[in-house]
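Take a look at the structure below.
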Amino acid sequence: ELCQEVTLTSSKCLAEVEQERFASEAETELARRMQVDHDELLKELEAEKHARADDAASRCDLLAKQDSLQSQLEHEQRICKEEMTLASQLLCELERERLNSSRETDAAKA
18 ELCQEVTLTS
28 SKCLAEVEQE
38 RFASEAETEL
48 ARRMQVDHDE
58 LLKELEAEKH
68 ARADDAASRC
78 DLLAKQDSLQ
88 SQLEHEQRIC
98 KEEMTLASQL
108 LCELERERLN
118 SSRETDAAKA
């Protein structure tokens, strides 16, 4: 009877040890899976960070090009305005010369 009791207790202990081993393996597997998920999330976040940085760099490049084109446009507009002013002055001078020439012609006829 004592042998039976020892065998029964031993069997219970073995079952408990086996159950704890399975639980420990399950916890280990769960921890491994959680680490894999965590690592994948970190990779995704890193990729997203790089994509956003690239987008920001592209936007900065576009804004710099836009600023450069705006400056060129303003420069061309200033040149055009100056040329229009000079053209207007030349037209006025030509008109004065035409009027003077006409007066001289009229005076010579008279």
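In short: position in the sequence shown from 1, add 17, done, that's my numbering. By construction, the Cβ of each residue, glycine as well, lies at the ideal position given by its N, Cα and C atoms. Computed from a prediction, not measured in an experiment: that's the story for all the values here.
| Item | Value |
| --- | --- |
| Alpha-carbon to alpha-carbon, K82 and S105 | 34 Å |
| DSSP three-state assignment for E44, whether helix, strand or coil | helix |
| CA-to-CA distance, R38 to E18, given in whole angstroms | 30 Å |
| Distance between S28 and Q21 (C-alpha atoms, nearest Å) | 10 Å |
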